[in-house]
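For the sequence shown, full-length UniProt numbering assigns the number 1 to the initial residue and increments by one for each residue that follows. Glycine residues also receive a C-beta, built at the ideal position from the N, C-alpha and C atoms.
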Amino acid sequence: MENNRYEIQRKINEDEFSTTFKAYDKKLNRYLCLKEYHDKNYFENLTNDLKYLSNLHHPNILEMYDLINSSNKCYLTYEIFDGISLDILFKRKRVSESYILDVLKKILLSLIYSENNGIFLGNLRIYNMIVDENDNFKIDIFKNFNGEHFGDSTAQLKFNITLLLEILEESNIDIVNSNLNNFYQKLRNYTFDDTQSIMKDLNEINYNKMPSSNNESIDNTIKLDLKNEHEKNMSYKIDENIFEEEIKNNQRSHNYLKSFLVYFTSVLLAFFAAAAIIFYYNSRPKAPDYVGKNLMLAVDQATANNIELVVDKSVSVDKSNYNKYVVIGQSPKVGEKLLFKKKIKVELGLEKENTMINLIGLNLKKAKKELSNLGLNVKKVRYKKSTVYDEGLIIDQSIEAGRKIQNGDFVTITVSSGKIKRKETVDDEYTPPEENERPNEDENDNSSVDNNDSNSNNNQESNNENTRKNDNSNSGE
C-alpha cells in the first residue's frame with residue numbers, strides 16, 4: 001500500500017463491505033481514517049460517486065483525501081474526527097433545546113451547501129452525525145456509504161426531513177412542551193418545499209426563549225472553523241477517554257436483568273453465527289474428480305459445472321494442444337469443499353499415445369466400454385451374418401488393431417447378426433462320376449472359386465479370432 005505509507009493504529013468501524021481504521025500517514029505526518037473495501041468490483045462501482053464527494057469542503061462535513069486502487073486492495077482515506085454519533089450521545093447525556101437547535105442548523109447549512117454544489121448526499125441517518133467532547137460537530141458522509149440514493153435530487157428533501165425528525169424524536173428533550181414543537185409538527189406534515197425553507201423556519205425560533213445553555217451558537221462555531229481554515233486537513237487529537245465518566249456511570253447502573261439480557265443475546269447471536277458458518281460450509285460444492293482425464297474433456301466437464309480449472313503456471317498450455325495433456329493432480333482434492341470462488345488448480349502430464357485394441361469376438365456392450373476407456377466414440381453399428389461368430393459378437397472394426405488413435409476419434413463396428421446356416425441337400429453329397437464321364441471344366445472352375453471365397457472368409461474370421469486370443473493372452477501376461 002504505497003510502500004507502507006499508512007500505519008494502521010486501530011479499527012474504528014466495520015460493515016458488510018468495508019472496514020475502517022484509524023491510520024497514520026507517514027508522508028504527510030497526520031492521522032486519518034483509512035477505509036478498506038473487501039470487494040474490488042464493489043469499490044470500482046462507487047468510485048465515481050466518491051469522486052464527487054471530494055469536491056465538498058465544509059467545516060461540518062468530513063473531507064475526503066484520496067482513493068487508492070491497488071492490485072490487491074482498495075482504500076479510501078478521509079479526515080478523522082474522534083467522537084460519538086448523536087444517537088449514542090442522547091443515550092449518555094442530557095442535552096438542551098438550544099443544543100438541538102444548533103445541531104439542526106449545522107446539519108441544514110451543510111446540506112444546503114452540498115445541494116448548491118449539485119451534490120445530493122441521499123439518505124443520511126442519525127449515526128452519520130458525529131459530535132466530540134467539545135461539542136464540535138461533523139457529518140460523516142462515508143460511514144455506511146454504498147451509493148444508494150446518491151444524487152437523487154427529487155428524494156433529497158424527504159431524506160432531509162426524515163433525518164431531522166429522527167434527531168428530534170431520539171433526543172431526550174420534551175418536544176411537545178418545547179419551543180421546537182411547532183417546527184417539529186411542520187416536519188411531520190411535510191409542509192416544506194425545499195431545504196432552504198426548512199432553514200428559514202428554523203431561524204425564526206428565538207434563542208432567548210430557550211433554557212440557558214453554555215453551548216456555542218452555530219454562527220460562532222462556523223466562524224471559528226473558517227478562521228482556522230488551514231486546519232481543516234489536520235487530524236484531531238485522539239482522546240480515548242471521551243465520555244468515559246458517563247460510560248462508567250451507565251455501567252454501574254446496569255441491573256441483573258439487563259446483564260442477563262446482554263448475556264442471552266450474545267449467546268443467541270453466537271449460536272446463529274455458528275449455524276450460519278456451518279450452513280455456508282455444508283452448502284459449498286465438492287470438488288469433482290478430474291485426475292486421469294484428458295485436459296480437453298476435463299475443461300468441458302468443469303465448464304458445465306461452472307468450475308474454473310487453473311493450470312499450474314509451470315506448464316504453458318495452448319488451447320489448441322489441450323488433447324496432448326492429461327490431469328495428474330488437482331487441488332482441492334476429490335470430495336473436498338470448494339471455496340467461494342469455484343476454482344480447481346490442476347497439474348498436467350503429457351497424454352500417453354494410445355493404440356487401437358482388437359474388438360473382434362467381444363460382445364457389443366464390452367466393446368463400447370473399451371472404446372469409452374480409450375476416449376473413442378462409436379460412430380455406427382452395423383449388423384452382418386457370420387460364419388464364425390455367434391449373434392451379438394464383434395466381427396469387424398473400422399480402425400484396425402494396433403493403429404494410433406486420438407481422443408475423440410470415431411469407430412464403426414460390425415456385429416454378427418447370427419451364424420450362416422449351410423443347407424444340407426443331395427447336391428452337397430459327393431457322387432463319383434460314371435466311367436468315361438469327366439466333370440465340366442466350367443463347373444470345376446466355379447466350384448473352385450466358391451470354395452476359395454468360403455475358405456477366405458473362414459480364414460479371415462479365424463485369423464481375427466486368433467489375433468484377439470493372442471492379444472488377450474498378451475494382456476494377461
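About 28 Å separates the Cβ atoms of VAL378 and ILE328, ruling out a contact at the 8 Å cut-off.
Here LEU165 is not near LEU180, since their CB atoms are 7 Å or more apart.
Of the candidates ASN136, PHE271 and PRO332, the residue whose Cα lies closest to the Cα of PRO288 is PRO332. Distance between ILE167 and PHE159, taken at the CA atoms: about 13 Å. Your pair THR195 and LEU101 does not check out as a contact, with CB atoms roughly 16 Å apart and the cut at 8 Å.
Sequence-distant partners of THR162 (beyond 5 residues in either direction) whose C-beta falls short of 8 Å from its own C-beta, in its chain, are ASN123.
Annotation: LEU374 to LEU350 spans about 15 Å, alpha carbon to alpha carbon. Rounded to whole angstroms, the separation of the alpha carbons of GLU169 and LEU32 is 32 Å. For PHE137, the enclosing beta strand (DSSP E) stretches over residues 137–139. Secondary structure in the segment 260–311: the beta strand (DSSP E) runs of 3 residues or longer, each lying completely within the stretch, are 308–311 in chain order. Under a 10 Å Cβ-count criterion, ALA367 is classified as buried, with 16 or more other Cβ atoms of the shown protein chains found around its own Cβ. The three-state reading of DSSP puts ARG92 in helix, counting H, G and I together.
Annotation for ALA367: no beta strand (DSSP E) segment contains it, though the alpha helix (DSSP H) segment containing it runs 364–373.
Assignment of beta-bridge partners to ILE61 by DSSP yields ILE139. The DSSP assignment places 86–92 and 97–116 as complete runs of the alpha helix (DSSP H) inside the segment 78–135, in order along the chain (cut-off: 4 residues). ILE88 and THR303 have their C-alpha atoms spaced approximately 52 Å apart.
Just so you know, the alpha carbons of THR414 and ILE278 end up roughly 56 Å apart. Boundaries of the beta strand (DSSP E) around ARG10: 6–14. Under DSSP, ILE68 forms a beta bridge with TYR75.
LEU104 sits away from GLU79, with the two beta carbons spaced by 7 Å or more. Counting other Cβ atoms within 10 Å of its Cβ, PRO285 stays below 16 and is therefore classed as exposed. Sixteen is the threshold: when 16 or more other Cβ atoms of the shown chains lie within 10 Å of the Cβ of LEU53, as they do, the residue is buried.
For the 7 Å CB-CB criterion, LYS91 and PHE137 do not form a contact.
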